[in-house]
Ligand SMILES: Nc1ncnc2c1ncn2[C@@H]1O[C@H](COP(=O)(O)OP(=O)(O)OP(=O)(O)O)[C@@H](O)[C@H]1O
Ligand SMILES: Nc1ncnc2c1ncn2[C@@H]1O[C@H](COP(=O)(O)OP(=O)(O)OP(=O)(O)O)[C@@H](O)[C@H]1O
Ligand SMILES: [Mg+2]
Ligand SMILES: [Mg+2]
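Set out below in structure tokens:
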């Protein structure tokens, strides 16, 4: 093939503005066939916008798009599909009312006629088996009934399915945000494998390790511009962080408060009695950070919802003392109010507190929003802008602000750092620790192994039950993984 | 002998005073007939919605229940023909009244609605020989009765060219709707001398004129108790004069007797006309006294009255 | 930046909000021109007094519609008829019983609304079918209770419902104040915010600490309450109650809400728009009546004008 | 096997059938005559036009819109059927085609201008009704003989209405639920953006669905006039609410493209039977209207009970 001399894709001087916000200020990017390009940058740097332009779902204000050596203008989704460009969007785009197989059919125009369901099912299940062995998803499952992790698997697998036209480039916009470490690893190995066969791939992630280990070349974006573009082997974690322009690297391995509290000293805040004969019950004391671990979708979210529910209405097997707030991870279905401003989205949990004589004090609501904009650096010119004008990671920060800014003494977190960039994550960890020290209790489900290091105590879930109960000094990655796969420890 | 016969009333609407009076009359007269052993039973059925399709389904259900006769106040003169035909071919006698059906196999006890429109103009011609501006309040668009009465009124205006219809609104035979629509159009109208109506809307029109601070015109009434009461008050206060005309709700009982006669094997002509009930200045008090509060001026039929109507139709 | 001053004008500039008022003004002007500039003021007076009733039930309907797709109150006609009958019968033409009668009809309305939510929540019946069914039940109750009899309102009550100051109906002034209060409730109270949050995403609202059940119960109860109020006032205004007096409110209550700019997808409500839409619909009918067109033409024109108005106002753009 | 029979998904989809049986059994018990060929025919033939109208409504609901005009549209079609189609068939056919085209245009208008469908179709309901009144100011007309023939068909063994209902349900099921473009159409209701991102034209799906609604509304009107033999302008106004109720009763939802054609047909039949059920019961005239509401509530409450049992099982 002579494709090697010609780049698969070349973007030049791409610019895009949303009103006063410059999302892309003249960006160049190139991907070769058989190359995995890592794309990193802080929340709101413009990564997703750039990918939307490349996928044809957004029209750039300026710049040119060259694919297979040809300038493409006008450019749109249909053309992108015909040219073999597939995109897994950050905010998933499956149809929740359709089955897995039917969703696969949506991106294959030629998949019709007799027996199309069988073929679609075969196509998607084969790809799922190939990428995520042991995924447990059936072709006739309705997508809306799947957990967010499984939805993400379906969407990823779908992007790699091939029917009549070859696929040349797959864009993965934070594909691992809802996957657990095992599935993430499966995906990334798969990406390496297909890249070796000549496919191009763009991988966006806030887990720098993933990008450093699996990408051939890394592009760093910062404030709507590309600031660095170098082979991955020339980069280190530190140089990446430096290029992204985030401070706070010093804090990265800041010690957890060494003085491990004696658990029984503090009053119990949450207690969930074990059901179905599980051996462990879930207990959280005042001021503790409790981790919920295990593979994704093994009952951690359900446990949080159960706790949340019994805070609203007494339940027999769950004790909750004190007001509760929840940071959803599936922000599209559980979190944001899409018609409201960022400020209103943050304020909703604290309305009662901000009311004076029955009327909401708007100044106070504004104040709350401004405070949190500063504290976790929500990137927007104006907190009265619609919440959807934020980048994915910034939306997640707003949900964080909603919970932390409330009067809740117990904060439930459902994999809350999905899509949040490195710098902010560190700030959030820091914040959790200070709040915990002040007496707040955190229950923290996470799919990222490193985050467990912030916890005082970790429960490992498997099949809806707690199978291991690890104090922080016993906590190792191996132990968590081991319990995730075995019934008992 | 009809002692073992069962007659059902199929009714499409119960939401106004006229229908309530109609059902009450039915209940009263048939209740006695059943007690006297003239028929076995005579229940009334009302549909939840005032719609031909629903009534057609109701008729089909009545066929299934094996009634010998169905007395019908139809939602539509034609849209029930399918169901009526089914009834006839199942051997069920169908007698329609007020809202009659056109299906030839059914009997019809019709009111000359066009005439009801025309007499209003005849009356006005006597009262206002010099001519006048008229406001017409119509019923529900697309319904047979509305069209018939309207035709009668138009014919009347043609007969007496000194009258001019300056405005026309649809009151849907509902008092509040009539009031609303009259109030809307009044400001744009020149002086209105008289209002011609279809029944049930006269009081609403009077309210609208009062609200607009207009002199009360001559409003033709529709035999409702509130209309008659208002008329009486005006009459006592300032010698107000008008007329009132409508079909008597008790016509349902006439239909009952007709059905009974048919079941008894008596020859009955397919088409009968009943006179409408007219109230004038002289017999206002008498009629008002006979009308229960909130009801409609009424005439109930005995078997003997029914025989007279049948005989006169031959 | 000041959130209030930025938020309010944005709401004020909602296109649908202005659109319905502009449309109302346009049809009014057309009717005026046709009738040679005569009676315009009176026409407005009539429009105000009849719109009042639509606004009162419209606000209740709006609260429900704003709580999300599928939520709608179809029991309004029955409730109006029942409340009207109760008000008139309890008042029994006595001025001294006005307050008692009013309270009774309001209580009946609220009870119907609360029962509606009971059907929806406890029996899990979809709102549209629950309220459709309860409408039939309430209608039957009204028939059994009132038997279609017309009792005259007490003179003081009738006078109040038809009173005017400088040609403006007193009732309409009250309804303007009422609408203003409800607009504030919607924008500035926990209840209002809860309604809008539930309308956007019920699950997210629940997870964000909104008292979902209490709020929804309250919206249905308020809708019933407002329908009851409307029934009592309407009976006073038109000189007695009748069984069919609520009938036209079935579709009209929805029409004023959606033409007024409230989104049927939920989460967005518009109070002033209801006034605009109610005036528009009344004046539209008046205009067509003035033109003297036949029923068929009039209906066709009504439909086309409604579509034209909404097309010109345009829908809202998706945020992202 | 037992597991699938008690699974929540199965129970949920079987609910419409269960409600139907729940209302059919007492009817058979109270009036054994209904169990005959003749009885079932009478009991169910008016359900056909309603089922067709319900399908039309369902197409629109699939793409997250609501059609408030279907009742008056069916009335207009019935009027055209009883007049032009009978007297001047060519004009009649042209008028019906024009109606369908208008439906398609409505879909396009709603999509392109991003209008609330409920207002547009509310407006259209006046337009259709007005046209019907213009065409047939007073009730009358005559259905063409061939429609009469079709609607009074005496099929062997199974009564025609049952066959027709089955045919409607199965046909739409295959078109919308099983065909490959059907998946795209439903997807456009579930997540229009996802469908657009996959390169499909959402405009086309909207127009398709509205045109289908126009076609099924037309079939509804024609079958109705075939049963009633003549028309009037107000003949089918209540189909608007009835069709929405039928879709919901059949397990459909207002948004998100979740619909079930077979469920909707069963839902319609249930609604129609609920009315029959009542006339077989003796209820005082005052409460006859209310009883219709009560029976709907009872049927749905029983469903809720089964549903809850299903979800805990
Ligand atoms: N529809 C929109 N309207 C207004 N602003 C927008 C819109 N979409 C994106 N932006 C802005 O454009 C900028 C870039 O957003 P983008 O989603 O590309 O960021 P990102 O790099 O993908 O961030 P993240 O890591 O959080 O996903 C952000 O400042 C965002 O607020
Ligand atoms: N797991 C859940 N996911 C989404 N919504 C839920 C969930 N559980 C309950 N809800 C919603 O919350 C409502 C009932 O919740 P709950 O019983 O806790 O009452 P509530 O919202 O606290 O109201 P109140 O405080 O007035 O009792 C339901 O109508 C349901 O819509
Ligand atoms: Mg992004
Ligand atoms: Mg993760």
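Protein chains in written order, with my numbering: chain A, 22 to 510; chain B, 683 to 996; chain C, 5 to 324; chain D, -12 to 300.
Beta carbons: idealized from backbone N, C-alpha and C, even for Gly.
Note that this is a predicted model, so its numbers are computed, not measured.
{"Item": "Residue-level contact to chain B via CB, residue 155 of chain C, 8 Å cutoff", "Value": "yes"}
{"Item": "Any chain F beta carbon closer than 8 Å to residue 132 of chain D", "Value": "The chain labelled as chain F is not found among the protein chains of the depicted structure, namely A, B, C and D."}
{"Item": "Bounding residues of the beta strand (DSSP E) (the contiguous stretch that carries residue 134 of chain D)", "Value": "Unbroken run through residue 134 of chain D is the alpha helix (DSSP H), 132 to 138; no beta strand (DSSP E)."}
{"Item": "Residue-level contact to chain B via CB, residue 293 of chain C, 8 Å cutoff", "Value": "yes"}
{"Item": "Boundaries of the beta strand (DSSP E) in which residue 846 of chain B is found, first to last residue", "Value": "845 to 852"}
{"Item": "Inter-stretch contact at 8 Å, needing at least 3 Cβ pairs: the segment 817 to 826 of chain B / the segment 242 to 252 of chain C", "Value": "no"}
{"Item": "DSSP bridge partner residues for residue 435 of chain A (one or two, in chain order)", "Value": "A/466"}
{"Item": "Any non-hydrogen atom of ligand 1 within 7 Å of residue 69 of chain A CB", "Value": "yes"}
{"Item": "Interface flag, residue 130 of chain A vs chain D, CB-CB below 8 Å", "Value": "yes"}
{"Item": "Reduced DSSP secondary structure (H/G/I, E/B, other) of residue 903 of chain B", "Value": "strand"}
{"Item": "Cutoff 8 Å; reference residue 98 of chain D; Cβ partners in own chain excluding five residues on either side", "Value": "189, 190, 193, 194"}
{"Item": "Rounded C-alpha distance that separates residue 287 of chain D from residue 886 of chain B", "Value": "40 Å"}
{"Item": "Straight-line Cα distance separating residue 958 of chain B from residue 798 of chain B", "Value": "7 Å"}
{"Item": "Residue-level contact to chain B via CB, residue 113 of chain C, 8 Å cutoff", "Value": "no"}
{"Item": "Continuous alpha helix (DSSP H) assignments of at least 4 residues falling wholly in the segment 923 to 964 of chain B", "Value": "933 to 945"}
{"Item": "Interface residues of the segment 262 to 277 of chain D facing chain C [CB-CB below 7 Å]", "Value": "273, 274, 276, 277"}
{"Item": "Beta carbon proximity, residue 24 of chain C to chain D, threshold 8 Å", "Value": "no"}
{"Item": "For residue 232 of chain D and residue 65 of chain D, believed in contact at Cβ under 8 Å, the rounded distance", "Value": "Wrong, their Cβ atoms sit about 21 Å apart, outside the cutoff."}
{"Item": "Contacts of residue 758 of chain B in chain D (Cβ-Cβ under 9 Å)", "Value": "126, 215, 217, 218, 219, 221, 222"}
{"Item": "Residues near residue 685 of chain B by beta carbon distance below 8 Å, same chain, minus five either side", "Value": "719, 720, 721, 722"}
{"Item": "Under 9 Å by beta carbon: chain D residues contacting residue 78 of chain A", "Value": "180, 183, 184"}
{"Item": "Inter-stretch contact at 8 Å, needing at least 3 Cβ pairs: the segment 749 to 758 of chain B / the segment 782 to 794 of chain B", "Value": "yes"}
{"Item": "Any non-hydrogen atom of ligand 1 within 7 Å of residue 401 of chain A CB", "Value": "yes"}
{"Item": "Interface flag, residue 235 of chain D vs chain C, CB-CB below 8 Å", "Value": "yes"}
{"Item": "Contact test: residue 295 of chain C Cβ vs ligand 1 heavy atom, cutoff 7 Å", "Value": "no"}
{"Item": "Beta-ladder partner(s) of residue 52 of chain A, from DSSP", "Value": "A/30"}
{"Item": "heavy atom of ligand 3 below 7 Å from residue 138 of chain C C-beta", "Value": "no"}
{"Item": "7 Å Cβ cut-off: residues of chain C touching residue 851 of chain B", "Value": "293"}
{"Item": "Heavy atom of ligand 3 within 7 Å of residue 134 of chain A beta-carbon", "Value": "no"}
{"Item": "Inter-stretch contact at 8 Å, needing at least 3 Cβ pairs: the segment 225 to 232 of chain A / the segment 439 to 450 of chain A", "Value": "yes"}
{"Item": "Touching by the beta-carbon criterion (3+ pairs, under 8 Å), the segment 174 to 190 of chain D and the segment 105 to 125 of chain A", "Value": "yes"}
{"Item": "Proximity test, residue 111 of chain A beta-carbon vs ligand 3 heavy atom, cut-off 7 Å", "Value": "yes"}
{"Item": "Cα-Cα separation, residue 116 of chain C to residue 135 of chain A", "Value": "53 Å"}
{"Item": "Near ligand 3: residue 442 of chain A beta-carbon under 7 Å from a heavy atom", "Value": "no"}
{"Item": "Span of the alpha helix (DSSP H), counted from its first residue to its last, around residue 393 of chain A", "Value": "383 to 396"}
{"Item": "Counted within 10 angstroms of its Cβ, other Cβ atoms place residue 271 of chain D as buried (16 or more) or exposed", "Value": "exposed"}
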